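*Asks:*
2 protein chains.
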Amino acid sequence: MTTRSPRLEIEYCTQCRWLLRAGWTAQELLTTFQKELGEVALIPGTGGIFDIRLDGETIWSRKESGHPELPELKRLIRDRIAPDRHLGHSDKQAGSST
Amino acid sequence: MTTRSPRLEIEYCTQCRWLLRAGWTAQELLTTFQKELGEVALIPGTGGIFDIRLDGETIWSRKESGHPELPELKRLIRDRIAPDRHLGHSDKQAGSST
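Residue numbers (the numbering used here), protein chains in the order written: chain C, 488 to 585; chain V, 488 to 585.
(1) List the DSSP bridge partners of Glu498(C).
(2) Kindly say whether Gln502(C), judged by its beta-carbon, lies nearer than 8 Å to any beta-carbon of chain V.
(3) Between the C-alpha atoms of Thr490(C) and Met488(V), what's the straight-line distance to the nearest angstrom?
(4) In chain order, what residues of the same chain have a beta carbon less than 7 Å from the beta carbon of Cys503(C), not counting five sequence neighbours either side?
(5) Distance cutoff 8 Å, beta carbons only. Does Glu526(C) sit that close to anything in chain V?
(6) Could you work out which residue in Leu541(V), Val527(V) and Gly532(V) is closest to Thr518(C) when comparing CA atoms only?
(7) In the DSSP assignment, find the unbroken beta strand (DSSP E) run with Thr545(C) in it and report its ends.
(8) Does chain C have any CB closer than 8 Å to the CB of Thr533(V)?
(9) To the nearest angstrom, how far is it from the Cα of Arg562(C) to the Cα of Ser548(C)?
(10) Strictly under 8 Å for the Cβ-Cβ distance: is Ala569(C) near chain V by that measure?
(11) By Cβ distance, which residues of its chain are closer than 8 Å to Ile568(V), with the 5 residues on each side in sequence left out?
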């Protein structure tokens, strides 16, 4: 099966009813990275999973870090697929006053 | 890149701003076929595309048939991946009085 790269995967727990959270995350990321992302795949899972992978690399796992904040998630993705992009508000939350 | 099967793809035109339509369709289908679908991939496209593919087979193309109605779409998918499933309201709309 042919996929588009960069491929972002969001695997979410159906038992936890995280489809809407996953769908919202997908749409936020496709809005921000409209030209940079090849595809975003929503993958039903179980057991409390909410993992986000970019071309196979796990960039977020709820079991390790809790649910991601979108600005943090956008920075992680930006750094990998569009390092020169500025993210507006999402960048401003990155540091403190520096 | 490993994908999950059955893989449903929704390729939508970003110029037409169909992300929300695609995202809504994805969530509807993942709700109905929670256990049957391996993944749903949202794919940004251009030029008025709104195509839906199941494991590579195009089951809907807006340029041929206009935007899909969800009950019709669910029946097309059900027939392929869960032929014994009843779809409730979506089934009832299929025929006329027969």
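Here a beta-carbon is modelled for each residue, glycine too, at the ideal position from N, C-alpha and C.
Since the structure is predicted, the reported quantities are computational estimates derived from the model, not experimental observations.
*Replies:* This is what the structure holds:
(1) Looking at the DSSP assignment, Glu498(C) forms a beta bridge with Ile530(C) and Asp538(C).
(2) Chain V, which has no Cβ nearer than 8 Å to the Cβ of Gln502(C), makes this no.
(3) Distance between the alpha carbons of Thr490(C) and Met488(V) is about 7 Å.
(4) Taken in chain order, the residues that qualify are Gly535.
(5) Yes, because at least one Cβ of chain V sits closer than 8 Å to the Cβ of Glu526(C).
(6) When only C-alpha atoms are compared, the closest one is Gly532(V).
(7) Per DSSP, Thr545(C) belongs to the beta strand (DSSP E) from Glu544 to Ser548.
(8) By the rule that beta-carbons nearer than 8 Å mark a contact, Thr533(V) does not touch chain C.
(9) Their backbone Cα atoms lie some 15 Å apart in a straight line.
(10) So, not an interface residue.
(11) Pro493, Phe520, Glu523, Leu524 and Leu541.
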